[in-house]
Amino acid sequence: MDKRSEMHRRERRRYVIGYGGSLLLTLVVFAVAHQFGIETKGVYLTIGLLGLAQLLVQLVYFLHIDRRRSSREDLDLILFSTLVLLIIIGGTVWILGNLALRMHMHVM
7 MDKRSEMHRR ERRRYVIGYG GSLLLTLVVF AVAHQFGIET KGVYLTIGLL GLAQLLVQLV
67 YFLHIDRRRS SREDLDLILF STLVLLIIIG GTVWILGNLA LRMHMHVM
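The numbering of the sequence shown is our numbering, which starts it at 7 and goes up by one.
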């Protein structure tokens, strides 16, 4: 086997592992929600943790973001974009919560 076909085989293997991991995590989330319902806080925590695991699988296996020096800039860009999105979402929730409080609305 030449070097190029070996590289393609490894790359295909990574994609298959990533797809299988993503599919498994998705099915586990559906199974947990179906089995225990969506009313308890433990289910929310489980879904959130499995969502973070899904994010990590997507970053590692599909976007090839790891700790190597060559992909460090990509990781920095993703982390900065995530920070900006969290600031926007958190600020929006804060402002709307404050508005609801000032209007004497019931906050859920």
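All residues carry an ideal CB built from backbone N, CA and C; glycine is no exception.
query: So, is V99 buried or exposed, given that buried needs 16 or more other C-beta atoms within 10 angstroms?
result: Your numbering for residue 99 matches position 93 in the sequence shown. Burial call: exposed.
**Prompt:** Do L56 and L31 have their C-beta atoms within less than 8 Å of each other?
**Reply:** Stepping through the sequence shown from its first residue, residue 56 is reached at position 50. Stepping through the sequence shown from its first residue, residue 31 is reached at position 25. With a cutoff of 8 Å on beta-carbon distance, L56 and L31 are scored as near each other.
* **Pairwise C-alpha distance: V34 and M13** => What you label residue 13 is simply residue 7 of the sequence shown in a count that begins at 1. What you label residue 34 is simply residue 28 of the sequence shown in a count that begins at 1. Annotation: M13 to V34 spans about 32 Å, alpha carbon to alpha carbon.
Exercise. Taking just the CA atoms, how far does S87 sit from S28?
Worked result: Position 22 of the sequence shown holds residue 28. Position 81 of the sequence shown holds residue 87. Each residue's alpha carbon lies about 22 Å from the other.
Spatial neighbours of S77 in its chain, beta-carbon cut-off 7 Å, leaving aside the 5 residues before and after = Here residue 77 refers to the residue found at position 71 when the sequence shown is read from its first residue. Counting only Cβ-Cβ distances below 7 Å, and skipping sequence neighbours, we find H70, I71.
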